[in-house]
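Asker: Let me begin by handing over the structure; questions about it come next.
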Amino acid sequence: MRFQVSFLLLSSLTITSAIIPTALVAAPNLIADGAKDRPAHSSSATSLPDPYLEGRAEDARVARISYRLTTVGAKRCLMLEPNIGLVLQHLSQFEQKDRAEIIAALPLDRGPGVIAIVLGGPAAEAGIHPGDILLDVNGVPIPSEPGLSQPFDAGRAHRRNDTVTDLLEKARMITVLREGAARTLTIAPVPACLSRVHLARSGQRNAFADGRHVFLTTGILALLRNDHELAFFIAHEMAHNILGHAAAMRSGAVESRKAVRQIESTADLLAGNLMIDSGYDPVVGAAALKRVGAPISACDCSPSTSQPRRESLPCARSLNGDAPNDATQLLPDSRGPPRCDTGRYSRGVRPPYQAASSRYRR
């Protein structure tokens, strides 16, 4: 039997919902052998499988790569937020008619369920397992989901996810329900770049950022041949968030085609550095651009070598020696977005959401 599960898809202008079939959430079945899911070009940074519930290998893979990019790349980000390295499922993400059977398999009516964790991340180190249900954070019960008697609502599901993620950023103690028993675990979140990465089950080939989140679809994931290619798309959209590009686009400050290309080039530059820092090769990753039909920006990272070397990119000068130490040097100033090939960047406004995570403010 298959359920209809609803996932929120965001663009810079609109919020829509996509209803897609997904496998039945069965009783928790830990997958420890990820060899069949391991890409042929995996680097040493991606050689270990992650534990996840049956059928959620893709979620675990996206979580693993995005966790590494955001935590290793934290040194380049002006604003940081705590990260614990897990993927949650909420009952509100399912169609109303399917919720009773979902609860029979996994008690999501008690709280959000863990469907995947990142090995070596805070959640894994704390002893959180896939299949655990989160009950409280720091002794305070996680609020019940509103509107579960009502039909699926994309906005409500998205707000629920953000509400719980905000609570987990402050976590020091987490109580989970496992095999009918509650247990309290100690956890220590780590600083990460400000970007929450989500996988949406949709046949559309898309990846986009909204200023705080990164969304990519299973449709585009199916076309990516290795972790370098997946990291390439995640890092690029993450760079847009880090650099505050969504706010600039919404404000109307970026209107000309040239300005858009310059913004894309700036995102390419930061994304390339994030990838190299994290052990991924942006040149190998860029090989996916023509395959998925994505436009190649002015900072074209055309494949030329399999080695993750900064000088392998056309923007070599910027990625080798003159690379900015943090994202503030990539932000646009009043004269417009910086060019990819200048090697030097002016300081400008800070990205949005400054007040979201003051704990790690630099």
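Using mature numbering (1 follows the signal peptide of the UniProt record, and there is no 0), the letters of the sequence shown correspond one by one to residues -26 to -1, 1 to 336. We put the CB at the ideal spot given by N, CA and C, even for glycine.
1. Relative to the C-alpha of D28, which residue among A90, P56 and R38 is closest?
2. With 16 as the cutoff for other CB atoms within 10 Å, does T158 come out buried or exposed?
3. V257 and L173: beta carbons closer than 8 Å?
4. What residue range does the beta strand (DSSP E) around R235 cover?
5. Contact between the region 75 to 95 and the region 178 to 195 is defined here as three or more beta-carbon pairs at a separation below 8 Å; is this criterion met?
6. Which residues does DSSP pair with Q63 in a beta bridge?
7. Whose C-alpha, out of I116, F206 and C51, is nearest the C-alpha of T149?
8. Could you give the residue range of the beta strand (DSSP E) that holds R35?
9. Evaluate G59 with the Cβ neighbour count: other Cβ atoms within 10 Å of its Cβ, from every protein chain shown; 16 or more gives buried, anything less gives exposed.
10. Sort out for me which residues DSSP pairs Y254 with in a bridge.
11. Applying the criterion that 16 or more other CB atoms from any shown protein chain within 10 Å of the CB defines a buried residue, is D136 buried or exposed?
12. Please classify A155 as buried or exposed, where buried requires at least 16 other C-beta atoms within 10 Å of its C-beta.
13. Does the Cβ-Cβ distance between R38 and V88 come in under 8 Å?
14. Classify T20: buried if its beta carbon has 16 or more other beta carbons within 10 angstroms, exposed otherwise.
15. Leaving out five residues on either side along the sequence, give the residues of the same chain with a beta carbon under 6 Å from the beta carbon of S276.
16. Consult DSSP for E143 and reduce its assignment to one of helix, strand or coil.
17. Using 8 Å as the cut-off, can you tell me whether the region 208 to 216 makes contact with the region 175 to 194, which would need three or more C-beta pairs spanning the two stretches below that distance?
18. What is the DSSP secondary structure of N180, counted as helix, strand or coil?
19. Closest by CA to P56, which one among M223, A48 and I77?
20. How is P165 classed by DSSP in three states: helix, strand or coil?
21. At what residue ranges does the region 100 to 148 contain a whole run of the alpha helix (DSSP H), taking only runs of 4 or more?
22. Could you give the residue range of the beta strand (DSSP E) that holds F189?
23. Pull up the DSSP beta-bridge partners for A155, would you.
24. From R152 to L244, what does the alpha carbon distance come to, in whole angstroms?
25. Please classify S118 as buried or exposed, where buried requires at least 16 other C-beta atoms within 10 Å of its C-beta.
26. Within 10 Å of its beta-carbon, does V111 have 16 or more other beta-carbons around it, so buried, or fewer, so exposed?
27. Less than 8 Å between the beta carbons of H202 and Y254, yes or no?
28. Can you give the Cα-Cα distance for S176 and S230, rounded to whole angstroms?
29. Nearest to R30 by alpha carbon, out of H187, I102 and Q63?
30. Which of the three DSSP states, helix, strand or coil, is assigned to C314?
31. In chain order, what residues of the same chain lie with their CB nearer than 7 Å to the CB of C167, ignoring the 5 residues before and after it?
Answerer: With the structure as the only source:
1. As a working mapping, residue 28 is identified with position 54 in the sequence shown. Asp is not the amino acid found at residue 28; the sequence shown has Glu there. Considering only alpha carbons, the answer is A90.
2. Position 184 of the sequence shown, counting from 1, holds the residue named residue 158. When all chains shown are included, T158 counts as exposed.
3. Reading the sequence shown from its first residue, position 283 is the one you call residue 257. Reading the sequence shown from its first residue, position 199 is the one you call residue 173. Contact: no.
4. The sequence position of residue 235 within the sequence shown is 261, counting from 1. Per DSSP, R235 belongs to no beta strand (DSSP E); it is in the alpha helix (DSSP H), R231 to D251.
5. Not touching, per the Cβ criterion.
6. Translated into positions along the sequence shown, residue 63 becomes position 89. Its beta-bridge partners are G87.
7. Taking the first residue of the sequence shown as 1, we reach residue 149 at position 175. Nearest C-alpha to T149: I116.
8. Locating residue 35 in the sequence shown gives position 61, counting from the first residue. For R35, there is no enclosing beta strand (DSSP E); the enclosing alpha helix (DSSP H) has its first and last residue at A31 to V46.
9. Taking the sequence shown and counting its residues from 1, the one referred to as residue 59 is at position 85. Buried, because 16 or more other Cβ atoms sit within 10 Å of the Cβ of G59.
10. Sequence index remark: in the sequence shown, residue 254 carries index 280 (1-based). For Y254, which the question treats as bridged, DSSP gives no partner whatsoever.
11. Here residue 136 corresponds to residue number 162 of the sequence shown, with the count starting at 1. Counting Cβ neighbours within 10 Å, D136 comes out exposed, since fewer than 16 surround it.
12. Along the sequence shown, one-based indexing puts residue 155 at 181. A155 is classed as exposed because its beta carbon has fewer than 16 other beta carbons within 10 Å across all chains shown.
13. Numbered from 1 along the sequence shown, position 64 holds the residue referred to as residue 38. Numbered from 1 along the sequence shown, position 114 holds the residue referred to as residue 88. In this structure, V88 does not lie closer than 8 Å to R38 by Cβ.
14. Translated into positions along the sequence shown, residue 20 becomes position 46. Residue placement at T20 is flagged as unreliable, the pLDDT there being 44, under the threshold of 50; a coordinate-derived value is accordingly withheld.
15. Looking up residue 276 in the sequence shown gives position 302. Confidence at S276 is low in this model, with a pLDDT of 32, below 50, so the placement of that residue is unreliable and no value is reported for it.
16. Locating residue 143 in the sequence shown gives position 169, counting from the first residue. E143: helix per DSSP, three-state reduction.
17. These segments touch.
18. Within the sequence shown, the letter at position 206 stands for residue 180. In the three-state reduction of the DSSP assignment, N180 falls in the coil class, being assigned neither a helical nor a strand state.
19. On the sequence shown, position 82 is the one that residue 56 refers to. The candidate whose alpha carbon is nearest that of P56 is A48.
20. Counting from 1 along the sequence shown, the entry for residue 165 is found at position 191. Strand, per DSSP.
21. If one requires a minimum length of 4 residues, the alpha helix (DSSP H) runs lying completely within the region 100 to 148 are 128 to 143, in chain order.
22. Numbered from its first residue, the sequence shown carries residue 189 at position 215. F189 -> beta strand (DSSP E) spans H187 to T191.
23. On the sequence shown, residue 155 is found 181 positions in, with the first residue counted as 1. A155 is bridged to R152.
24. By one-based count along the sequence shown, residue 152 stands at place 178. By one-based count along the sequence shown, residue 244 stands at place 270. Going by the C-alpha atoms only, they are around 41 Å apart.
25. Position 144 of the sequence shown, counting from 1, holds the residue named residue 118. Its Cβ having fewer than 16 others within 10 Å, S118 is exposed.
26. Taking the first residue of the sequence shown as 1, we reach residue 111 at position 137. The residue in question, V111, is buried, as its Cβ has 16 or more Cβ neighbours within 10 Å.
27. Position 228 of the sequence shown, counted from the start, is the residue given in the question as residue 202. Position 280 of the sequence shown, counted from the start, is the residue given in the question as residue 254. Yes.
28. Here residue 176 refers to the residue found at position 202 of the sequence shown. Here residue 230 refers to the residue found at position 256 of the sequence shown. If I take the Cα positions, the gap works out to 31 Å.
29. As a first step, residue 30 must be located in the sequence shown, where it is residue number 56. The option with the nearest alpha carbon to R30 is Q63.
30. Within the sequence shown, the letter at position 340 stands for residue 314. For C314, the predicted structure reports a pLDDT of 29, less than 50, and the residue's modelled location is therefore unreliable. A value from the coordinates is still provided. The answer is coil: DSSP assigns C314 none of H, G, I, E or B.
31. Along the sequence shown, one-based indexing puts residue 167 at 193. Cβ within range, chain order: T44, G47, A48, C51, L54, M212 and I216.
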